[in-house]
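Asks:
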Amino acid sequence: MDLIGEIIKKAIDAAGLLGGHSDAVAAQAKTLQHLLEKAKLTAFGKKYKFAEILQADDMITAFQDKVPLHDYDKLYAEWWHYLLEGHQNVTWPGGQDYFALSSGTTSHSKYIPITDDMLESIQRSGIQQILSLKNFELPSEFFTKQILMLGSCTRLIEKDDHMEGEISGISARNIPFWFRRFYKPGPEIAAVADWETKIDRIAEEARDWDVGSITGIPSWTEIMLKRIIARHKVNHIHDIWPHLEVYSTGGVAFEPYSKSFDKLLGRPVTVIETYLASEGYLATQKRPDTHAMALIVDNGIFFEFVPFKEEYMDQDGAVTADAPVLTLADVEEGETYILLISTCAGAWRYMIGDTVEVTSKELAEIRITGRTKHFLNVVGEQLAVHQMNDAMQRLEKQFDISIKEFVVSAIHRGEDYINKWYVAVDGDKYLDKEQFAEALNRHLTELNKNYGVARAKALKGVEVELVSPDVFYQWNKETRKLGGQIKIPRVMKEADFLELEKFIEAHAQ
10 MDLIGEIIKK
20 AIDAAGLLGG
30 HSDAVAAQAK
40 TLQHLLEKAK
50 LTAFGKKYKF
60 AEILQADDMI
70 TAFQDKVPLH
80 DYDKLYAEWW
90 HYLLEGHQNV
100 TWPGGQDYFA
110 LSSGTTSHSK
120 YIPITDDMLE
130 SIQRSGIQQI
140 LSLKNFELPS
150 EFFTKQILML
160 GSCTRLIEKD
170 DHMEGEISGI
180 SARNIPFWFR
190 RFYKPGPEIA
200 AVADWETKID
210 RIAEEARDWD
220 VGSITGIPSW
230 TEIMLKRIIA
240 RHKVNHIHDI
250 WPHLEVYSTG
260 GVAFEPYSKS
270 FDKLLGRPVT
280 VIETYLASEG
290 YLATQKRPDT
300 HAMALIVDNG
310 IFFEFVPFKE
320 EYMDQDGAVT
330 ADAPVLTLAD
340 VEEGETYILL
350 ISTCAGAWRY
360 MIGDTVEVTS
370 KELAEIRITG
380 RTKHFLNVVG
390 EQLAVHQMND
400 AMQRLEKQFD
410 ISIKEFVVSA
420 IHRGEDYINK
430 WYVAVDGDKY
440 LDKEQFAEAL
450 NRHLTELNKN
460 YGVARAKALK
470 GVEVELVSPD
480 VFYQWNKETR
490 KLGGQIKIPR
500 VMKEADFLEL
510 EKFIEAHAQ
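Per my numbering, the very first residue in the sequence shown carries number 10; after that it's consecutive.
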């Protein structure tokens, strides 16, 4: 047994015993108090009287009464645009050296301030994830192996007084010194901007590395693994990295990718879910036998929850002013909520755009169920992304296939609406698309009673087009970009969907 690995594992076990919080509600109250104390002399803190809130008998209620809800557009228009112009002490003390450019599924870039406090918060959250490994049955030698972080380019865009890039690139650029001996692909390859060139370089050098853990978005990680396997003419990735034990996933749900991932492995690995957004590191899976993630309640982020109901959202997907807002103390298990955060980067009561289900109130565990703007409800379908993912997993089992990506929209057929899907299926197995559409419709009806009602009334049909996964990746390459934190949207507005349809039709010829 590796002596160094055994020492590291024992150190993690000992530290991990001290790393938990038995009272997440109390930790959240302390976190909010710290945020208000730190920001009370900023322009935002003065306007909304943080000093008075701190003196209130019920600090959390006072905070909710005085500070309005924000989405990105509101916060940027009223406050954050001053930061890009070089002003300081706006929503958080001082200025910032970095802005994270969000890239996921939105139609335009967002500039999210990344303060020094937020960088430290992200690093501490990473340490919490490492400490939680004590809960997983991993061999001692794992703790001496390298960690491959498949993220965005670390060569950032330089402005007058700050730099801009995706959050994974900013984080990798600021990894702590003690972590550098474990970090792959290393600073040189991480700085390569072109995605195809980057994964070719990774594939070229892969055999020289001893990787024990991989971190990255599933779709791009899968492409990388396939490139490595093909480059070295092996059967699976464990022929290259025999000590690979852990895959840390994030950005999108992993379940739709699990079947195709298994084909690339020589044996099962431990899959750990993480929740790192441009706005901060929000949650991480801390125990096995669950896909739920524990909110990181003691690390510069205060969480609030709005019940995910149609009456609490406007037509643009934003929370209405009269929506009830709950804290961790008030949520109910099994319910779905719109997530709000206040952070040490100066986001205040900020709608991050994700919906989550609280799976354990005591453990502060959640799972991501979708995006507020990727909730399909044009004619009463009320379909959330996690229900779509569940339906796709059922289809994989029914037809013995691997579904890589999918996109859906409610589009017009004359005066009526139908749901049209593009589904990317791996391999060349013949599938009858009408039979596939019937099965999809049946599964969605079983998973969501509201969809069943809509299907019987306003929703006049379901159509499916089966395409190659390469079509989606080519679309990303030509209209967005490849790799890093880029994600395929699951739900599109009709106009955007019709543009995608034109692209697919043109490339199918």
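From the three backbone atoms N, C-alpha and C, an ideal C-beta is built for every residue, glycine too. Computed from a predicted model, the values in this text were never measured in an experiment.
Out of Ala303, Gly275, Ile412, state which residue places its alpha-carbon closest to the alpha-carbon of Leu285.
Replies: Ala303
Asks: In terms of DSSP beta bridges, what is His421 paired with?
Replies: Tyr426
Asks: Note down the Cα distance separating Arg210 from Ser161, rounded to an integer number of angstroms.
Replies: 14 Å
Asks: Taking just the CA atoms, how far does Gly259 sit from Ala38?
Replies: About 27 Å.
Asks: Under 8 Å Cβ to Cβ from Asp219, same chain only, skipping five residues before and after it: list those, please.
Replies: Lys154, Gln155, Trp250, His252
Asks: Whole angstroms is fine: what's the gap from Lys58's alpha carbon to Thr70's?
Replies: 14 Å
Asks: How would you write the range of the alpha helix (DSSP H) that Asp66 sits in, first residue to last?
Replies: Neither: Asp66 is in no alpha helix (DSSP H) and is coded neither H nor E.
Asks: State the CB to CB distance for the pair Thr368 and Glu342, rounded to an integer number of angstroms; the pair is presumed to be in contact (CB under 8 Å).
Replies: 7 Å
Asks: Select from Met233, Pro227, Asp203, Ala202 the residue whose C-alpha is nearest the C-alpha of Glu214.
Replies: Met233
Asks: Could you have a look at Asp209 and say whether DSSP puts it in helix, strand or coil?
Replies: In this structure, DSSP gives Asp209 a helical state, which the three-state scheme calls helix.
Asks: Can you tell me whether Gly135 is buried or exposed, with buried defined as 16 or more other CB within 10 angstroms of its CB?
Replies: buried
Asks: Closest by CA to Thr40, which one among Glu313, Ile166, Thr283, Thr206?
Replies: Glu313
Asks: Please go through the same chain and pick out, in chain order, the residues whose beta-carbon is closer than 7 Å to the beta-carbon of Ala212, but skip the five residues on each side of it.
Replies: Arg236, Ile237, Arg240
Asks: Rounded to a whole number of angstroms, what is the C-alpha to C-alpha distance between Leu274 and Ile246?
Replies: If you take the alpha carbons of Leu274 and Ile246, they lie about 6 Å apart.
Asks: Can you list, in chain order, the residues of its chain with a C-beta nearer than 6 Å to that of Ala504? Leave out the 5 residues immediately preceding and following it.
Replies: none
Asks: Hey, out of Ala433, Leu50, Ser177, Glu374, whose CA is closest to Glu344's CA?
Replies: Glu374
Asks: At 3 residues or longer, and completely inside the stretch 215–244: list those beta strand (DSSP E) runs for me, N to C.
Replies: 220–225
Asks: Among Pro196, Ser257, Val334, Arg133, which one has its Cα closest to the Cα of Asn308?
Replies: Measuring from the Cα of Asn308, the nearest candidate turns out to be Arg133.
Asks: With burial defined as no fewer than 16 other Cβ atoms inside 10 Å of the residue's Cβ, what is the status of Pro277: buried or exposed?
Replies: Label assigned to Pro277: exposed.
Asks: Once the 5 residues before and after Lys168 are set aside, which same chain residues still bring their CB inside 7 Å of it?
Replies: none
Asks: In whole angstroms, give me the CA-to-CA distance for Glu514 and Lys272.
Replies: One C-alpha to the other measures close to 30 Å.
Asks: Quick one: which unbroken alpha helix (DSSP H) runs of 4-plus residues sit fully inside the stretch 76–139? Chain order, please.
Replies: 81–84, 90–93
Asks: In chain order, what residues of the same chain have a beta carbon less than 6 Å from the beta carbon of Phe151, not counting five sequence neighbours either side?
Replies: Gly221, Glu254
Asks: Closest to Tyr266 by CA distance: which of Asp323, Ala419, Leu404 is it?
Replies: Leu404
Asks: So what's Ile246 in DSSP terms, helix, strand or just coil?
Replies: helix
Asks: So what does DSSP say about Glu374, is it helix, strand or coil?
Replies: strand
Asks: Is it the case that the Cβ atoms of Leu157 and Ile223 are separated by a distance below 8 Å?
Replies: yes
Asks: For His90 and Ile139, what's the separation of their Cα atoms in angstroms?
Replies: 36 Å
Asks: Who are the near neighbours of Lys75 in its chain, counting only those whose CB is closer than 7 Å to its CB and skipping five residues on each side?
Replies: Same-chain partners within the cutoff: Tyr57, Lys58, Ile62.
Asks: Express the C-alpha separation of Lys442 and Glu474 in angstroms, rounding to a whole number.
Replies: 7 Å
Asks: Rounded to a whole number of angstroms, what is the C-alpha to C-alpha distance between Phe415 and His79?
Replies: Whole-angstrom Cα-Cα distance: 30 Å.
Asks: Pull up the DSSP beta-bridge partners for Ile347, would you.
Replies: Val315, Thr364
Asks: Can you tell which of Leu372, Pro333, Tyr290, Lys318 has its C-alpha closest to the C-alpha of Ser351?
Replies: Out of Leu372, Pro333, Tyr290, Lys318, Tyr290 has the C-alpha closest to the C-alpha of Ser351.
Asks: With distance defined between alpha-carbon atoms, name the residue in Ala52, Val500, Ser111 nearest to Asn98.
Replies: Ala52
Asks: Alpha carbon to alpha carbon, how far is Gly25 from Ile310?
Replies: Low confidence applies to Gly25: its pLDDT is 47, below 50, so where it sits in the model is not reliable enough to give any reading.
Asks: Which class does Leu253 belong to by DSSP, given the choice of helix, strand or coil?
Replies: coil
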